[in-house]
Structure formats: structure tokens, C-alpha cells
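Quick note on numbering: full-length UniProt numbering labels position 315 of the sequence shown as 315, and the sequence is numbered without any gaps. We treat Cβ as the ideally placed atom computed from N, Cα and C, and that holds for glycine. Model, not experiment: these values are computed from the prediction.
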Amino acid sequence: MLYLVGLGLGDEKDISVKGLEIIRQCYKVYLEAYTSLLGVDKEKLEEFYGRSLIIANREMVEQDSDVLLQDAYKTDIALLVVGDSLSATTHIDLLLRARQKGILTQIVHNASIMNAVSAVGLQLYNFGQTVSLVFFTETWKPNSIYFRIKENRDLGLHTLILLGEFEDIESIILCLLDDIDLRINEPSFESLARGKKNYESPRYMSISHAIGQMLELEFLCGRKVYDESTLAIGVARIGSSTEKIVAGSFKQLASVDFGSPLHSLILFGHRIHILEIEYIRAYALDTEVFDALVQQQFPSVNEIKTLVAKEGIDK
């Protein structure tokens with residue numbers, strides 16, 4: 001059997017009891033090491049799990065899956081995935097290949113950015129499409145993310161923007177195919193041209209860099225979807241002991257040092273609930289500025305506040 005086991009977002013102790021039991025009973029345990037980033041190293045995981053881990057790089061999972069699956073016919077194999085086991089389409093593809101070969105599969109879920117984002121106080125069912133922002137090049141500045149954000153904002157829905165690592169031409173192609181798959185271990189374009197795969201050191205997009213690119217898209221597309229005064233939330237290392245959450249305008253957030261990766265950005269929808277606003281206010285960089293921008297950008301919230309205050313006076 002092939003097990004896909006989610007590890008969660010924080011450290012070695014985020015594993016579920018079921019996941020830990022599976023790890024300890026499997027013949028081989030692979031650690032998928034390229035679609036996301038965990039806050040602890042392999043050795044710490046091995047110490048806690050009591051098992052040796054085999055690093056499964058991108059080539060093994062996507063191209064040489066037979067190596068990973070060959071033992072799953074006759075024994076139990078586990079693939080450990082940071083976050084939830086099915087957050088990336090890569091893992092769904094692996095499951096399909098296993099099932100086509102007649103291999104039994106089981107999924108063990110865990111927390112991912114897609115549900116842990118509720119830590120900021122926004123209600124999950126008020127989110128629209130999740131989008132990924134890639135590093136621009138001089139000649140390639142995709143605007144699809146801009147129009148997806150516009151669709152969400154037109155519907156009054158929040159937008160989660162994932163900030164990943166995309167180094168080269170192959171990454172760009174993969175990004176187009178898979179909008180929410182973070183790639184950490186990418187071959188350089190030059191090495192691919194030579195028929196070899198030499199992997200470059202990863203880089204990760206900061207919130208400041210992301211805001212700069214998004215404002216550039218606004219300038220290029222000009223649909224007035226957002227500007228420097230737009231309220232948003234910056235989050236870093238969510239689910240870990242060092243997570244950082246800050247609310248403020250684009251201009252404010254661009255000046256904040258969020259520290260090490262991974263970073264994400266959240267834009268509010270106009271259907272935001274008063275309870276969401278009140279919860280988020282605790283993370284405001286400047287509460288006076290935050291309150292003023294709420295009044296400007298979310299008039300419906302102000303109407304509710306006024307109504308509640310009036311009812312209180314009447315009583």
C-alpha cells in the first residue's frame with residue numbers, strides 16, 4: 001500500500017497519531033522535499049518518528065515514480081508531505097499512477113495554508129479563488145493573477161495569495177499548469193538546455209516584493225482593483241511557533257520585515273463581516289490607520305456598527 005501522509009505546517013510534532021503509526025509500520029518512508037518547506041530539518045523528523053527517511057526529490061516523484069512505487073505492490077510505503085497530503089496536484093497524479101498499477105492507497109490529511117489561514121480571523125467560506133504570484137522577469141509579467149483577484153473582489157470575497165519560489169523558464173511553465181504548487185527544487189534553464197539537471201538554490205518571495213509586483217500589475221492593467229491604501233494581511237510561517245501576522249495597507253505592509261519564508265498575502269473582500277474586522281484589528285500595524293481605512297473601504301461594516309450602537313442607545 002502507498003500512504004500519503006501530511007505533516008502539517010509547524011514542526012515534527014504536527015504529525016497526527018494515525019500518521020505517526022503509519023510511519024512506524026512502513027517498510028520505507030520517503031520525505032517529499034520540493035513542493036513546500038518545513039520548519040525543521042530531516043534529522044529532527046527522524047529522531048521524533050524513530051525512522052530513517054529517504055529524500056524524494058522532484059524527479060523521483062514526477063518522473064521516476066516506479067522507484068517509489070515498486071515496493072508498494074508487496075509492502076507498505078509512505079510518502080510524507082509538508083502541509084496536507086493533497087495540497088499539490090503532483091501528489092494527486094502520483095495517486096492516480098499508483099491506482100492504475102493496482103496499488104492500494106490511503107491518504108492521511110493534515111493542516112495546510114489553505115485551512116490554517118483562518119488563524120487571521122477570516123471565515124474560510126468567504127474566500128474566493130486562491131492564486132499564486134510568481135517572480136516576474138523583464139519580458140514576462142503574467143496578469144492572470146490580477147484578473148482572478150478582480151473576480152474575487154467583484155464578488156466581495158477574500159483572496160489568499162501564495163508567494164512561492166519560481167526560478168526559471170520551466171518553473172514558469174509549471175506555474176501556468178499548476179497555480180498553487182510551490183516549487184523549491186528547480187533545475188536551471190541553462191542545465192536543461194545542456195541535457196543535464198543542475199539544481200539552483202531556491203529563493204522565496206517576500207511580502208514586500210509581492211506588493212511591488214502587484215502594484216506594477218495594477219499600473220499595467222489599470223482596472224482599479226487595488227492600490228497602496230488597500231487593506232491586506234501579511235502572514236509568515238503560519239502554523240509554526242514563529243508565525244507572524246500583520247494587518248495594514250499595502251504601503252504599510254511593504255515596509256514590514258516578515259522574516260524567513262514562507263510568506264502569504266490576503267486581500268479582503270467587501271462582504272467582510274464585522275467580527276472578522278474586530279478580530280483582525282488586533283494584528284493592525286497602526287490601529288488608527290486601520291480604523292480609518294476600514295471606514296473608507298468597507299462602508300457596510302460602518303453601517304452595521306452604527307446600527308448596533310443605535311440599538312444599544314435605544315435600549
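- Item | Alpha-carbon spacing of I180 relative to V117, whole angstroms | Residue placement at I180 is flagged as unreliable, the pLDDT there being 36, under the threshold of 50; a coordinate-derived value is accordingly withheld.
- Residues near Q296 by beta carbon distance below 8 Å, same chain, minus five either side: S229
- Alpha carbon to alpha carbon, how far is E288 from K44? 43 Å
- Task: From the DSSP output, in three-state form, read off A282 for me.
- Result: coil
- For I92, the three-state DSSP class (helix, strand or coil): DSSP places I92 in helix when its eight states are reduced to three.
- Message: For a test of the three-state rule: what should DSSP assign to Y34, helix, strand or coil?
- Response: In this structure, DSSP gives Y34 a state outside helix and strand, which the three-state scheme calls coil.
- Since V29 contacts R58 with CB under 8 Å, what's their CB separation in whole angstroms? Actually they do not touch by this definition, with Cβ atoms about 18 Å apart.
- Pick from D227, A247, Y226: whose alpha carbon is nearest that of A236? A247
- Message: Considering only DSSP beta bridges, list what D249 is partnered with.
- Response: One detail in the question is off: residue 249 reads as Ser in this sequence, not Asp. BP columns for S249 point to L231.
- Message: What would DSSP say about G8, mapped onto helix, strand or coil?
- Response: strand
- Task: Please classify E278: is it buried, with 16 or more other beta-carbons within 10 angstroms of its beta-carbon, or exposed?
- Result: exposed
- Message: Starting from L163, trace the beta strand (DSSP E) in both directions and tell me its first and last residue.
- Response: 159-163
- Task: Quick one: measure Cβ to Cβ for L124 and L80, integer angstroms, because I've assumed they're closer than 8 Å.
- Result: Not quite, the Cβ-Cβ distance comes to about 25 Å (not below 8 Å), so this is no contact.
- Item | Rounded separation between V294 and G121 - CA only | Taking the straight line from one Cα to the other gives about 15 Å.
- Over what stretch of residues does the beta strand (DSSP E) that includes I55 continue unbroken? 54-56
- Taking the DSSP output, what are the residues bridged to A78? Y3, V29
- Item | Inter-residue Cα distance where the pair is G259 and I103 | 42 Å
- Query: Which residues in the same chain have their Cβ closer than 6 Å to the Cβ of K13, if we skip the five residues on either side of it in sequence?
  - Reply: none
- If we call anything under 8 Å between Cβ atoms a contact, is A78 one with V5? yes
- Query: Excluding five sequence neighbours on each side, which residues of the same chain lie with their C-beta closer than 7 Å to the C-beta of G10?
  - Reply: G39, G239, S240, S241
- Between the Cα of Y49 and the Cα atoms of V67, L96, L20, V61, which residue gives the shortest distance? L20
- Could you tell me whether the segment 201-216 touches the segment 125-136, where touching means 3 or more Cβ pairs closer than 8 Å? yes
- Message: For V225, count the other beta carbons within 10 Å of its own beta carbon; 16 or more makes it buried, fewer makes it exposed. Which is it?
- Response: buried
- Roughly how many whole angstroms lie between the Cα atoms of W140 and L217? 12 Å
- Query: For the putative contact between L157 and G128, defined by C-beta atoms under 8 Å, what is the C-beta separation to the nearest angstrom?
  - Reply: 3 Å
- Quick one: using the 10 Å Cβ neighbour count with 16 as the cut-off for buried, is L155 buried or exposed? exposed
- Is it true that the CB of T75 sits closer than 8 Å to the CB of L2? no
- Task: Just tell me which of D257, G222, V82 has its CA closest to the CA of S206.
- Result: D257
- Query: Looking at the structure shown, is T242 part of a helix, part of a strand, or coil, going by DSSP?
  - Reply: Coil.
- Query: Would the beta-carbon of F298 fall within 8 Å of that of H270?
  - Reply: yes
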